[in-house]
Structure formats: structure tokens, C-alpha cells
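One gets the working numbering by counting positions in the sequence shown from 1 and adding 63 to each.
Idealized CB from N, CA, C, for every residue including glycine.
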Amino acid sequence: MHLDQLPLSKQVELVFRTMKEELSYLPSGTVFIQIRNNVVGKFGIRHNPLELEGDTIRPNGSGLTETQIQSFRNMAVEALKYKKWTHGEICYDFAVREGKLGASISFESNYNFSSLPEKFG
């Protein structure tokens with residue numbers, strides 16, 4: 064089965080399953096998913112997993128737990144109900160503070176001038 068045959072919600076679940084290990088050692092970051100024609104293309108995580116304290120580099124806290132990853136994935140899928148476009152990017156900012164996961168979502172729609180009808184040109 065090709066990705067374009069899967070509903071976008073299933074594609075987003077697959078994205079989170081693919082990044083599960085990385086999320087398990089990151090205390091914060093931004094998951095991004097680029098979408099074209101309602102098909103996931105590029106995806107990944109932007110993060111700063113290390114902090115410099117004096118002359119010492121150390122990890123920036125512990126990552127998400129299994130339960131937090133599952134909750135984060137469910138929230139990401141649920142947020143798709145608010146997406147009204149076919150081309151763009153979704154960013155899920157997340158952080159674990161005092162053992163609790165916090166997250167926010169931003170949508171970015173993309174348009175291409177070359178796909179506009181000729182009558183506008």
C-alpha cells in the first residue's frame with residue numbers, strides 16, 4: 064500500500080511511530096510534518112538536546128515517556144480536524160516540565176503561483 068492511499072491521520076500516526084525512539088530522549092522540541100496533496104512528505108524534529116553550563120556540556124533533561132509519546136501522537140492526530148488545506152506544514156511544539164508534557168500546534172498553508180488558473184495571470 065502506498066502512503067497516498069492511507070488517510071492523513073494514519074500517516075501522522077506512522078510519523079510518530081517512526082520518531083518514537085528519538086522522542087524518548089528529547090525533553091523538548093518541534094515535530095514538523097510537511098504535507099502536499101494531503102500526503103506526508105518530509106518530517107522530523109527540531110531540537111536542542113544539549114545545554115552548555117560553564118565548561119560542561121550536558122543533556123537537557125530526560126525525554127518523553129511511553130505514555131507521553133502516545134498522548135502526543137493522539138493530540139497530533141486529533142488536531143488534523145482543524146486543518147483545512149491540502150499543502151503546508153504542521154508544527155507541534157512540545158516540552159516536558161516538572162514531569163508534565165505541554166504542547167502547542169501551528170498550521171502553515173502553502174500555495175503555488177504556478178498552479179493558479181490562467182485567468183488570474
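Practice prompt. List the endpoints of the continuous beta strand (DSSP E) containing Phe157.
Written response: Run containing Phe157: 151-160, per the beta strand (DSSP E) assignment.
Worksheet item: Between Pro180 and Ile98, what straight-line distance do the alpha-carbon atoms span, to the nearest angstrom?
Response: Answer to the nearest angstrom: the Cα atoms are 22 angstroms apart.
Worksheet item: Are Gly107 and Phe95 touching if we call contact CB-CB under 8 angstroms?
Response: For Gly107 and Phe95, yes; Cβs fall inside 8 angstroms.
Worksheet entry | Residues of its chain near Asn100, where Cβ-Cβ distance is below 8 angstroms and the 5 sequence neighbours each way are ignored | If you ignore the 5 residues before and after Asn100, its C-beta comes within less than 8 angstroms of the C-beta of Asp67, Thr149, His150, all in its own chain and listed in chain order.
Worksheet item: Is it the case that the Cβ atoms of Val159 and Pro70 are separated by a distance below 8 angstroms?
Response: No; because the gap between Cβ atoms is not below 8 angstroms, this pair is not in contact.
Item to complete: Assuming Ile168 and Ala142 form a contact by the criterion Cβ under 8 angstroms, report the distance between their Cβ atoms to the nearest whole angstrom.
Response: With a Cβ gap of about 5 angstroms, Ile168 and Ala142 count as contacting.
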